Amino acid sequence: MRTAPPSCLPRRTWLLLSLGLLAAAAGCKSSAEGGGAGAGKVKLTLNWVAEPEFGGFYAARDGGAFKRAGLDVEIMPGGAGVPVLQMVANGQSDFGVVGGDEVVIARARGADVVPIFATYQTFPQAIMVHASRDAKTMADVFTGGTLSIEPGAAYSAYLKKKYGFDKVKVVPYDGGIARFVVDKEYAQQCFITSEPIAARKKGAEPKVFLVADEGYNPYATVIITRKALWKENPERIKAFVRAAREGWRVYLDDPAPANAVMQKLNTTMDAETFTAVAAAQKTLVENAETKKLGMMTRERWDTLAKQLLDLGIIDKLPPLDDYLVAIDE
């Protein structure tokens, strides 16, 4: 089960390091470039191990959607130390999974990456507290007790600006739930699809507040590619997106087959948890406003960029037209 957020400090740290290496690695070529023997082969690098948040991509691969689109997709697992954005930007991977805020930060620093598919329409990051604290709103979380959170994360900066951290004791996020389970005054960051489920299995009763409901709602589990690849072969990128949508439709309707495949790749998560996570994320992937799975709007990206500028995380707004490509025209 994922225990680190999609845009937490460690990833932002390697993001900055990665961007410094892009020029040195510019000579690398993607397997999708050229017309060589592997012209149909592409690599998708995840930012975590096999889990339900990637279920639609496994369903697209194993159910034949990618193959029908003319693509032989290799899915590579990731982790906290895997520089996905760098790998895509320098051509080591054709596609990669990152957070929406990472895309904007990277574009502001000149990285050649573009988003093509946003899996989570709702940002899954949240804060969980014990139900016994009787917190009615997110604001109540910051009135006392201890909060475990990564202070360098963009959503953390947003919450600090909105509510202030002066009345709560802030401690670094440790990646687990052990202290939460035993300390009723302890609150912590979480994925709505991860730590709350684990805490309930340990007998705790968490109450969860989504960061998205507070006004910070970047897309998550975003698929990126290089703009150079888009310019070279937009039809291949569109074919990937169509197949990903097909895979996610299959997974949302019946996650069991892909879960069985992923569980063999990720033995740290049992079948019960795979089922629970798949159910918990369903409304994050598709809701009443979702016209197409993976959809993105110009307005959402514009809002996110302006929020990151306001928070001082970027020092200039990357032009939207430079990184938003017309997948659904």
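Numbering (mature numbering (1 follows the signal peptide of the UniProt record, and there is no 0)), first residue to last: -23 to -1, 1 to 306. All C-beta atoms, glycine included, are put in the ideal place defined by N, C-alpha and C. This one's a predicted model, so the numbers in the text were calculated from it and none came from an experiment.
Cβ distance (whole Å) where residue i is taken to contact residue j below 8 Å
| i | j | result |
| --- | --- | --- |
| F43 | A237 | Actually they do not touch by this definition, with Cβ atoms about 18 Å apart. |
| L281 | G77 | 6 Å |
| L261 | P128 | Between P128 and L261 the Cβ distance is about 25 Å, and since that is not below 8 Å, they are no contact. |
| I304 | V218 | 5 Å |
Residue i, enclosing beta strand (DSSP E) - first and last residue
| i | result |
| --- | --- |
| L21 | K18 to T22 |
| D49 | D49 to M53 |
| A197 | A197 to T202 |
Endpoints, the alpha helix (DSSP H) within which residue i is located
| i | result |
| --- | --- |
| P246 | It is Met, not Pro, that sits at residue 246 in the sequence shown. Premise fails: M246 is in no alpha helix (DSSP H) and is neither H nor E. |
| Q69 | No alpha helix (DSSP H) contains Q69, which DSSP labels as neither H nor E. |
| Y97 | Note, Y97: premise wrong, no alpha helix (DSSP H); beta strand (DSSP E) at V91 to Y97. |
| E276 | R275 to D287 |
| H193 | For clarity, residue 193 is Tyr in the given sequence; the question names His instead. Neither: Y193 is in no alpha helix (DSSP H) and is coded neither H nor E. |
| L229 | P211 to D230 |
| F34 | G32 to D39 |
Alpha carbon of residue i to alpha carbon of residue j, nearest angstrom
| i | j | result |
| --- | --- | --- |
| A257 | A103 | 13 Å |
| Y150 | E209 | 42 Å |
| Y300 | K20 | 21 Å |
| A57 | E212 | 32 Å |
| L23 | A235 | 16 Å |
| D117 | V159 | 20 Å |
| V80 | T198 | 11 Å |
| G87 | A36 | 33 Å |
| V254 | G122 | 28 Å |
| Y193 | G180 | 30 Å |
| A85 | P29 | 30 Å |
| F72 | S125 | 32 Å |
| A189 | I169 | 11 Å |
Contacting residues, own chain, Cβ-Cβ under 8 Å from residue i (five flanking each side not counted)
| i | result |
| --- | --- |
| A216 | A46, G47 and L48 |
| K184 | M105, V106, H107, A108, R110 and A112 |
Proximal residues to residue i (C-beta, below 6 Å), its chain only, five neighbours per side dropped
| i | result |
| --- | --- |
| A134 | L288 |
| V302 | V91 and W207 |
Close Cβ partners of residue i (< 7 Å) along its chain, the five nearest in sequence each way excluded
| i | result |
| --- | --- |
| Q240 | M246, A248 and F251 |
| R156 | Y163 |
Beta-bridge pairing of residue i - partner residues as DSSP gives them
| i | result |
| --- | --- |
| P128 | According to DSSP, P128 bridges with nothing at all. |
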